[in-house]
Amino acid sequence: MRKARNGTSLSILLALALLFSLMSPGITNPVLARSSILTWSIVDTPSPDDNVIVSPSEVNFIAIGSDGRTFYAVDIPNNRVFKSTDGGITWLNVTVGGANLPVWNIAIAPDDVNFVVAVTTGPPGGPRQVFISEDGGANWENANFPALGEYISCVDISVKYGANRDIAIGTRTGAGAGKVYVRKVPSLTDWVNQNLPPSDILALKFSPTYVSDTILVVISANGSGTFVNLGIRDTAANTTTWNSAAGYVNYPVKISSATAGQVIT
Numbered sequence: 109m110r111k112a113r114n115g116t117s118l119s120i121l122l123a124l125a126l127l128f129s130l131m132s133p134g135i136t137n138p139v140l141a142r143s144s145i146l147t148w149s150i151v152d153t154p155s156p157d158d159n160v161i162v163s164p165s166e167v168n169f170i171a172i173g174s175d176g177r178t179f180y181a182v183d184i185p186n187n188r189v190f191k192s193t194d195g196g197i198t199w200l201n202v203t204v205g206g207a208n209l210p211v212w213n214i215a216i217a218p219d220d221v222n223f224v225v226a227v228t229t230g231p232p233g234g235p236r237q238v239f240i241s242e243d244g245g246a247n248w249e250n251a252n253f254p255a256l257g258e259y260i261s262c263v264d265i266s267v268k269y270g271a272n273r274d275i276a277i278g279t280r281t282g283a284g285a286g287k288v289y290v291r292k293v294p295s296l297t298d299w300v301n302q303n304l305p306p307s308d309i310l311a312l313k314f315s316p317t318y319v320s321d322t323i324l325v326v327i328s329a330n331g332s333g334t335f336v337n338l339g340i341r342d343t344a345a346n347t348t349t350w351n352s353a354a355g356y357v358n359y360p361v362k363i364s365s366a367t368a369g370q371v372i373t
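Right, dumping it as structure tokens:
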């Protein structure tokens with residue numbers, strides 16, 4: 109019995125010795141990625157490469173409707189807006205009537221694919237105006253966003269509550285002096301500054317359950333970093349109470365040390 113166990117042990121040892129002898133000595137060293145993979149190169153925009161639908165084209169923003177079939181694609185360098193109603197199989201060029209091009213951003217209402225808001229060019233240039241369509245881009249109305257020396261950085265649309273819905277616009281200056289503005293539609297009352305402490309607005313979003321909780325979430329940057337802010341809306345008065353004043357005692361939450369002057373997008 110002892111000889112059998114010794115024979116088995118010897119066989120295992122010989123197998124392990126053979127296995128280790130077949131291993132390359134280099135396998136114990138760290139494997140380094142090729143340096144060429146870790147380099148950056150300049151890419152022209154617009155680019156002639158990979159234009160499979162229309163040339164020239166450069167897609168900068170895409171908005172997708174709640175039906176999963178209505179798409180908008182914004183091409184800033186070539187002054188175009190494309191729309192698809194069949195999930196991207198076919199596309200049509202959309203004319204934002206009365207607006208100066210290019211269109212910089214576009215949003216679709218979460219509960220109505222025909223309600224669309226476009227951020228367009230305003231004097232003296234850049235994203236400064238807002239146009240609204242309630243018929244899927246066939247007709248547009250100037251929403252008369254005030255010319256305040258700020259650039260529009262983001263836009264969102266709330267679900268409908270009663271007869272109304274809200275449009276939120278975020279602005280930035282590059283120096284942390286941007287604001288959040290909200291306008292109620294269809295009344296198209298004045299745009300109202302929501303009095304978030306001065307900061308450049310990077311992104312904003314209405315809650316999907318806005319009818320019940322009236323929450324507006326904002327990411328903003330000032331001279332000390334980038335923050336998440338939570339606001340509770342008074343939809344009747346068109347005002348917002350922010351962060352700790354709204355009962356969110358741990359807000360604003362700092363998510364980055366990047367300041368308003370450092371953030372590109």
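First residue of the sequence shown: 109, per this note's numbering; consecutive thereafter. We put the CB at the ideal spot given by N, CA and C, even for glycine. Note that the coordinates shown come from a computational prediction; the quantities given were computed from them, not determined experimentally.
Assumed close pair residue i, residue j - CB separation to whole angstroms, cut-off 8 Å
i: ILE323; j: ALA311; result: Wrong, their Cβ atoms sit about 15 Å apart, outside the cutoff.
i: VAL227; j: ASN213; result: 4 Å
i: ALA255; j: GLY230; result: 6 Å
Spatially closest choice to residue i from the options, by CA coordinates
i: ALA285; options: ASP298, ILE260 and TRP299; result: ILE260
i: ALA207; options: ALA251, SER352 and GLU258; result: ALA251
i: ALA345; options: ASN301, GLY176, LYS287 and THR373; result: ASN301
i: ALA271; options: THR343, GLY196, PHE239 and VAL227; result: THR343
i: PRO294; options: TRP212, ASP274, GLN237 and LEU338; result: ASP274
i: VAL202; options: PRO231, THR193 and ARG188; result: ARG188
i: THR193; options: ASN358, GLY176, ILE214 and GLY230; result: GLY176
i: PRO360; options: PRO306, SER174 and TYR318; result: PRO306
i: ILE386; options: ILE172, ALA354, VAL263 and ASN330; result: No statement about residue 386 is possible, as the shown extent of the chain runs from 109 to 373 and does not include it.
i: LEU304; options: PHE335, GLY196, GLY257 and VAL319; result: PHE335
i: THR373; options: GLY196, LYS362, CYS262 and VAL221; result: CYS262
i: GLY257; options: PRO235, ILE197 and GLY333; result: PRO235
i: GLY195; options: ILE172, ASP243 and ASN351; result: ILE172
i: VAL224; options: LEU209, LYS191 and LYS362; result: LYS191
i: ASN186; options: PRO164, ASP220 and THR317; result: PRO164
Span of the beta strand (DSSP E) around residue i
i: ASP220; result: 220–229
i: ASP274; result: 273–280
i: VAL182; result: 179–183
i: SER328; result: 323–329
i: ILE170; result: 169–172
i: GLY339; result: 334–342
i: ILE309; result: 308–314
i: TYR359; result: No beta strand (DSSP E) holds TYR359; DSSP gives it neither H nor E.
i: LYS191; result: 188–192
i: VAL212; result: Residue 212 is actually Trp in this sequence, not Val. Looking at the DSSP string, the run of the beta strand (DSSP E) that includes TRP212 is 208–217.
Neighbour-count burial assignment, residue i, 16 or more Cβ in a 10 Å radius
i: ASP308; result: buried
i: THR178; result: buried
i: SER266; result: buried
i: ILE170; result: exposed
i: PRO374; result: Lying before the first or after the last residue shown, residue 374 is absent from the chain, which here runs from 109 to 373.
i: VAL357; result: exposed
i: LYS292; result: buried
i: THR348; result: buried
i: GLN237; result: buried
9 Å Cβ cutoff met for residue i and residue j
i: ILE216; j: SER174; result: yes
i: VAL319; j: TYR269; result: yes
i: ALA283; j: PHE314; result: no
i: VAL182; j: VAL167; result: yes
i: THR279; j: TYR289; result: yes
i: ASN89; j: ALA368; result: This structure cannot settle anything about residue 89, because the visible part of the chain is limited to 109 through 373.
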